[in-house]
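What follows is a short report on a single structure.
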Amino acid sequence: MIALASDHGGFEYKERVKPLLDTLNLAWKDFGTDSEESVDYPDFSHAAARAIQLGECDRGIFICGTGIGISLAANRHHGIRAAACQIPEAARMSRLHNDANVLALGQRLIDWETAEAMIRLWLETPFEGGRHERRIRKIEIE
Ligand code: RB5
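Add 91 to a position in the sequence shown, counting from 1, and you land on the number used in our numbering.
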């Protein structure tokens with residue numbers, strides 16, 4: 092189950108992610124927002140991140156204007172590794188080396204074609220494990 096979250100700045104892409112995940116036969120759960128009306132990104136980021144923490148969702152795709160605010164909020168949750176990515180290689184590496192369980196995108200920074208390519212790549216790339224396992228364990232501080 093993929094958790095989806097956005098603020099108003101990422102709403103359009105969040106809506107576009109749904110049919111994309113449908114074509115990939117991946118289930119999703121939408122934690123809002125529901126329109127382009129101005130809202131606060133932490134509200135939606137926290138709700139979706141919590142669902143991943145609780146195991147109700149496996150990973151997430153979070154979108155705001157830049158991908159920055161929504162990833163900062165998500166990363167306050169233990170066990171959440173949200174990567175704000177702007178190019179496909181960053182999305183790929185966030186899986187390979189960082190085992191990112193949230194991909195954060197900025198709708199105001201990247202065109203939809205790039206976002207779609209990044210989402211596909213991120214979803215299909217496995218975690219490499221090995222020495223990276225030790226490093227991601229060291230991210231948690233308490
Ligand atoms: C909203 O205007 C904007 O600040 C938000 O979408 C995001 O870019 C914050 O990091």
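Built from N, CA and C at the ideal position, the CB exists for glycine as well.
CA-to-CA distance, residue j to residue i, given in whole angstroms
i    : j    : result
A139 : L200 : 22 Å
D149 : E233 : 22 Å
E215 : R183 : 9 Å
Q198 : G220 : 30 Å
H169 : W203 : 30 Å
N128 : G100 : It should be noted that the sequence gives Glu, not Asn, for residue 128. Cα to Cα, the separation comes out at about 9 Å.
D113 : R107 : 10 Å
F153 : F218 : 19 Å
L163 : A208 : 23 Å
E224 : V130 : 36 Å
A142 : A94  : 7 Å
Q144 : F102 : 23 Å
I227 : G146 : 19 Å
K120 : R186 : 21 Å
C155 : A118 : 21 Å
N192 : A174 : 8 Å
8 Å contact criterion, which residue i and residue j should meet: CB distance rounded
i    : j    : result
G151 : A96  : 7 Å
L196 : Y104 : 7 Å
Selection from the options that minimises the alpha carbon distance to residue i
i    : options                   : result
A92  : D98, N116, G221 and E106  : The identity of residue 92 in the sequence shown is Met, whereas the question assumes Ala. Comparing Cα-Cα distances from M92 to each of D98, N116, G221 and E106, the minimum goes to N116.
P110 : L187, E231, I210 and H188 : I210
H137 : E103, L112 and R172       : R172
R222 : A94, N189 and A174        : N189
I230 : A195, R167, A208 and W213 : R167
L194 : D131, T157 and D134       : T157
F135 : E147, A174, G160 and A118 : G160
Y132 : A174, D98 and A191        : D98
Kindly confirm or deny that the segment 117-125 and the segment 171-185 touch, where touching means at least three C-beta pairs closer than 8 Å. Output reads no: the segment 171-185 does not touch the segment 117-125.
Pick out every residue whose C-beta is nearer than 5 Å to a heavy atom of the ligand RB5: which are they, in chain order? D98, G100, C155, G156, T157, I159 and G160
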